[in-house]
Amino acid sequence: MQQDILINWSPQETRVAVVEHGAVQELHVERTLERGLVGNIYLGKVSRVLPGMQSAFIDIGLERAAFLHVADVWQRNEGGEPPMAMRNKAEPLVPIEKQVFEGQALMVQVIKDPIGTKGARLSTQISIAGRLLVFLPQDDHVGVSQKIPLNEREALRTRLQTLVGDKSTGGGGGFILRTNGEDASDEELSEDIAYLRKTWAGIREAALRQPPKSLLYQDLNLLQRVLRDLVSEHTQSIRIDSKEQFAVMQTFGKEFMPAAAAKLQLYKMERPIFDLYSIDEDVARALGKRVDLKSGGYLIVDQTEALTTIDVNTGGYVGARNFDDTIFKTNLEAAGAIARQLRLRNLGGIVIVDFIDMVREDHQSAVLSEFRKQLARDRVKTMVGGFSQLGLVEMTRKRTRESLAHMLCEPCPTCMGVGQVKTSRTVCYEILREVLREARQFNPREFKVIASPKVVELFLDEESQHLAGLSDFIGKPISLHAESDMGQEQYDIVLI
1 MQQDILINWS PQETRVAVVE HGAVQELHVE RTLERGLVGN IYLGKVSRVL
51 PGMQSAFIDI GLERAAFLHV ADVWQRNEGG EPPMAMRNKA EPLVPIEKQV
101 FEGQALMVQV IKDPIGTKGA RLSTQISIAG RLLVFLPQDD HVGVSQKIPL
151 NEREALRTRL QTLVGDKSTG GGGGFILRTN GEDASDEELS EDIAYLRKTW
201 AGIREAALRQ PPKSLLYQDL NLLQRVLRDL VSEHTQSIRI DSKEQFAVMQ
251 TFGKEFMPAA AAKLQLYKME RPIFDLYSID EDVARALGKR VDLKSGGYLI
301 VDQTEALTTI DVNTGGYVGA RNFDDTIFKT NLEAAGAIAR QLRLRNLGGI
351 VIVDFIDMVR EDHQSAVLSE FRKQLARDRV KTMVGGFSQL GLVEMTRKRT
401 RESLAHMLCE PCPTCMGVGQ VKTSRTVCYE ILREVLREAR QFNPREFKVI
451 ASPKVVELFL DEESQHLAGL SDFIGKPISL HAESDMGQEQ YDIVLI
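Using UniProt numbering, read the sequence shown as starting at 1 and increasing by one per residue.
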């Protein structure tokens, strides 16, 4: 798998595209005024404890209070047990009302950005990611990423325990070896250990000096996270179109991620960097509901706050020998396209996929296998079930930040996100009912209806008889005024 990373930088916005085999698979956007909060550490203040929900609201200085669930409250463990996030979920938890209280100052870390109307989600289990390791200052556990082959984990864990116990690096805290630290030297690991412990010491010092609701530590910006998180052994190049930011990334990379920094390239062509792979066109298509497949089939992607549904259709595809083969081949192509759309749109939470019904079980197994294979390339954790009795595939994809649509778009002011508006005739009849209601309560000289041009035009044409009939019935004149700025569903009735 060949991978290229393209970075388009401007003072107001940074855009990063991950391209595999000539097609964009992921798009990361960070705006200067809207930086994400995941990874940030705050000194929060407990504003409310809810025993019934086993949760608490924490004020960290944002517009909305953040949310802390009892499962995300760190509990001290003895004897080198794994940290809270890795322990058996069945273990009983100490009730939250016995762990936190209103007015308490509490060090917390953001694990999910605010999404929609929901505030940020927090954890008191602090973790700081380095280039090779993740530091867990409250635990003594030493672990290895599950992505590293099982037969190598124990040897790496023993080696890491020896380095962690070296008093020259400061002592204390737990560590998890990241996937990209598998082949690191002892010297590189020791440097990362020392850097992370020094960072934690600065955070603790700031917590003693700063008042509640203060930011103690901010995670790396998107350019730095590209080098830390997005670069892999499959990455061929990292191209950026800003000379200034290229120099900044080189300096940061040479100090912390030399292997990744070696792949950095300054893009000097006049043609915009995102035009190389028609990335802007792909992004525009990713904001729409319909995704066309090469075979002639298509997907319909519907995103709601609760879940995302994806419907597969054959469209104009009739290329196979029989109908079963047509359905099978469309579903196979759709499996890859859906996995790509999940990454490109950054869709998270519950996803329901409605593949075209397949009669043969071997076809179902092949499509499910292909779907899981394509999802395995996703750096975000996914879980996929089998086909349900209704022929649906249920899956989940971890959600830590806003989807592409929520980041780049806002609800339509006309339909308010519904996706459709009432017809002009429906609005006409609403206005007639409202005028009758007002006439029964008040006794004005005249009623003036202000509405969109389409509604007024319908009143003057096809609905003129009904308007005149109502005017005769209430015994008052009704005048019309078209307002071009009004949406089709908007209207106002003025009593004169």
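Glycine residues also receive a C-beta, built at the ideal position from the N, C-alpha and C atoms.
- The closest CA to that of Gly-386, considering only Val-380, Gly-116, Val-353, Arg-397, is found on Val-353.
- As computed with DSSP, Ala-66 is found in a beta bridge with Ile-58.
- The alpha carbon of Val-359 has as its nearest neighbour, out of Glu-244, Asn-346, Lys-373, Gln-389, the alpha carbon of Gln-389.
- For Thr-251, the closest C-alpha among the options Asp-275, Gln-224, His-234, Lys-268 is that of Gln-224.
- Excluding sequence positions up to five before and after Ala-17, its CB lies within less than 6 Å of the CB of Leu-6, Val-24, Leu-27, Ile-279, all in the same chain and listed in chain order.
- For Ser-123, the uninterrupted beta strand (DSSP E) run begins and ends at 121-123, by DSSP.
- Collapsing the DSSP output to three states places Gly-143 in a strand.
- With 16 or more neighbouring CB atoms inside 10 Å of its own CB, Met-249 falls in the buried class.
- According to the DSSP assignment, Thr-158 belongs to the alpha helix (DSSP H) that extends over 150-164.
- Looking at the DSSP output, Thr-308 shares a beta bridge with Gln-303, Val-351.
- Along the segment 335-398, the beta strand (DSSP E) occurs as fully enclosed runs of 3 or more residues at 349-354, 382-387, 393-397, listed in sequence order.
- Of the residues Val-19, Asp-357, Leu-299, Gly-130, the one whose Cα lies closest to the Cα of His-234 is Val-19.
- DSSP places Trp-200 inside the alpha helix (DSSP H), whose first and last residues are 186-209.
- In this chain, the beta strand (DSSP E) harbouring Thr-235 covers 235-240.
- Beta-bridge pairing by DSSP links Lys-112 to Arg-121.
- In the DSSP annotation of this structure, Leu-458 is not part of any beta strand (DSSP E); the continuous alpha helix (DSSP H) holding it starts and ends at 453-460.
- Inter-residue distance for Gly-475 and Val-455 is about 23 Å (C-alpha atoms, whole angstroms).
- The three-state secondary structure of Phe-447, taken from DSSP, is strand.
- Rounded to whole angstroms, the separation of the alpha carbons of Lys-329 and Arg-343 is 22 Å.
- Rounded to whole angstroms, the gap between the alpha carbons of Glu-463 and Gly-469 is 10 Å.
- Here the C-alpha atom of Phe-447 lies approximately 35 Å from the C-alpha atom of Glu-410.
- By the CB criterion at 9 Å, Val-73 and Thr-124 fall inside the cutoff.
- In this structure, the alpha-carbon of Gly-143 lies about 39 Å from that of Ser-10.
- In the three-state scheme derived from DSSP, where H, G and I count as helix and E and B as strand, Ala-129 is classed as strand.
- Residue state for Gly-174 is assigned as strand, using DSSP reduced to three classes.
- Residue pairing by DSSP places Phe-252 in no beta bridge whatsoever.
- For a cut-off of 8 Å, the C-beta gap from Ala-306 to Arg-345 is around 16 Å, too long to register as a contact.
- The Cβ-Cβ distance between Gln-54 and Leu-93 falls below 9 Å.
- Under the three-state reduction of DSSP output, His-481 falls in the strand class.
- Secondary structure of Arg-271 (DSSP, three-state): coil.
- CA-to-CA, the gap between Thr-14 and Gly-130 works out to about 22 Å.
- Check the Cα spacing between Ile-478 and each of Leu-467, Leu-299, Met-486, Gln-488: the tightest is with Leu-467.
- Rounded to the nearest whole angstrom, the CA to CA distance from Glu-154 to Ile-176 is 13 Å.
- According to the DSSP secondary-structure assignment, Val-29 is paired through a beta bridge with Arg-15.
- With fewer than 16 other Cβ atoms inside 10 Å of its own Cβ, Gly-417 counts as exposed.
- At a Cβ-Cβ threshold of 9 Å, Val-110 and Leu-43 do not count as neighbours.
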